[in-house]
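In our numbering, the protein residues as written are 60 to 318. Just so it is clear, CB atoms sit at the ideal spot from N, CA and C, and this is done for glycine as well.
Rendered as C-alpha cells:
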C-alpha cells in the first residue's frame, strides 16, 4: 500500500493563515463581483430598451406592431402618372402610397394611408448643402408639426448615408437614426442612432412581371415595435436623394465630354 503523502498536510501556520485569508477574500468578493455583473447586464438591457423606445412611435402608434412587419414597395421607374410608390403588406393590401412631387420653393411629397388620408408630408429644402428634408405630420408645415429631419451625413459621398434627427434634437450633434445604402445598390439598412442596432432592412425583389411593366419591387422588413410609416418615409426620401445624385453625376459626365 502506498504511504500517505504527509508533506501535503504539513502546512506551516504562516501558509495556513495566508490560504485562509485568500479564500476569505475570494468568498467575500465573489458575491460582489456577481452583483456587479448583474447590475451591468441590467443597465445594458435598460439602455437597449430606452434606445428602442425612441424607435417605437415616431408618426403614430397605429403604425407600430409587436412583431416584424414585412412590406412590399413597388416603385414605378417612369413617373408618368401620379403616385409613383405603392406600399403593401404581406396580403397585398395597400398601406401607403406616395404622391408625385409638387415643385415650387420646396420639393414636396405626401405619404397617404390606404384610405387616402395624408399621414406625412416631406419637404426638401432647396437651399441646403446636405440635401435636407423636413417631415411634417399630415399636410401641415408649421414648426410644431415637424417630426424629424433627414440629411446627408456628408456633402461628398461615394455611398449614400443619411442621418435622421427627431424634432427635439435641436443641436443635431448625434443622429437618432442612420440610413445606409441606396436604390442603385438594391438594398438599404436603417440603424438606431450611432449603434449597430438594425431597425429595418430593404432588399430588391424584382419579378418578371415587375420588370416587364417598368416597376422596381422591394421587400422591407421592419423590426418589432418600430414605426413602419416612419420607415416608409425614409425609403421614399432615399429614392429622391439617389435620383438627385444620379442626375448630378450625369450632368457632370456630360459637361466633361464638352471639355
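What residues match up with residue i in a beta bridge as DSSP calls it?
| i | result |
| --- | --- |
| residue 287 | According to DSSP, residue 287 bridges with nothing at all. |
| residue 240 | 247 |
| residue 116 | Bridge partners of residue 116: none, in fact. |
| residue 277 | 132 and 263 |
| residue 99 | In DSSP, residue 99 forms no bridge with anything. |
| residue 208 | 193 and 224 |
| residue 157 | 144 and 170 |
| residue 213 | None, per the DSSP bridge assignment. |
| residue 177 | 171 |
Quick one: Cα of residue i to Cα of residue j, how far?
| i | j | result |
| --- | --- | --- |
| residue 196 | residue 101 | 36 Å |
| residue 285 | residue 115 | 5 Å |
| residue 97 | residue 176 | 48 Å |
| residue 122 | residue 210 | 23 Å |
| residue 223 | residue 150 | 30 Å |
| residue 250 | residue 174 | 30 Å |
| residue 228 | residue 288 | 20 Å |
| residue 183 | residue 126 | 32 Å |
| residue 221 | residue 237 | 6 Å |
| residue 130 | residue 206 | 22 Å |
| residue 117 | residue 155 | 16 Å |
| residue 119 | residue 283 | 15 Å |
| residue 231 | residue 78 | 57 Å |
| residue 297 | residue 172 | 19 Å |
| residue 179 | residue 218 | 27 Å |
| residue 159 | residue 290 | 18 Å |
Which same chain residues end up closer than 8 Å to residue i when comparing Cβ atoms and leaving out the 5 residues on each side of it in sequence?
| i | result |
| --- | --- |
| residue 295 | 144, 157, 168, 170 and 181 |
| residue 201 | 195 |
| residue 190 | 183, 210, 211, 300 and 303 |
From what residue to what residue does the beta strand (DSSP E) around residue i run?
| i | result |
| --- | --- |
| residue 260 | 257 to 263 |
| residue 185 | Looking at the DSSP string, residue 185 is not in any beta strand (DSSP E), and its letter there is neither H nor E. |
| residue 337 | Past the edges of the chain, shown from 60 to 318, lies residue 337, and the structure says nothing about it. |
| residue 149 | Unbroken run through residue 149: none, as it is neither H nor E. |
Grab me the residues of residue i's own chain with a C-beta within less than 7 Å of its C-beta, minus the 5 sequence neighbours each way, in chain order.
| i | result |
| --- | --- |
| residue 132 | 144, 146, 277, 279 and 294 |
| residue 302 | none |
| residue 12 | The displayed coordinates of the chain run from 60 to 318. Any statement about residue 12 would go beyond what the structure contains. |
| residue 235 | 113, 223, 224, 225, 228 and 252 |
Leaving out the 5 sequence neighbours to the left and right, which residues in its chain are closer than 6 Å to residue i when beta-carbon positions are compared?
| i | result |
| --- | --- |
| residue 245 | 263 |
| residue 204 | 195 and 196 |
| residue 199 | none |
| residue 124 | none |
| residue 148 | 154 |
Using the beta-carbon count (16 or more within 10 Å), is residue i buried or exposed?
| i | result |
| --- | --- |
| residue 192 | buried |
| residue 81 | exposed |
| residue 233 | exposed |
| residue 128 | buried |
| residue 254 | exposed |
| residue 281 | buried |
| residue 292 | buried |
| residue 99 | exposed |
| residue 152 | exposed |
Flag residue i as yes when its Cβ comes closer than 8 Å to any non-hydrogen atom of the ligand FAD, and as no otherwise.
| i | result |
| --- | --- |
| residue 258 | Questions concerning the ligand FAD fall outside what the structure shown contains, since it holds no ligand whatsoever. |
Is any beta-carbon of chain C found at less than 9 Å from that of residue i?
| i | result |
| --- | --- |
| residue 182 | Chain labels in this structure do not include chain C; a single protein chain is all it has. |
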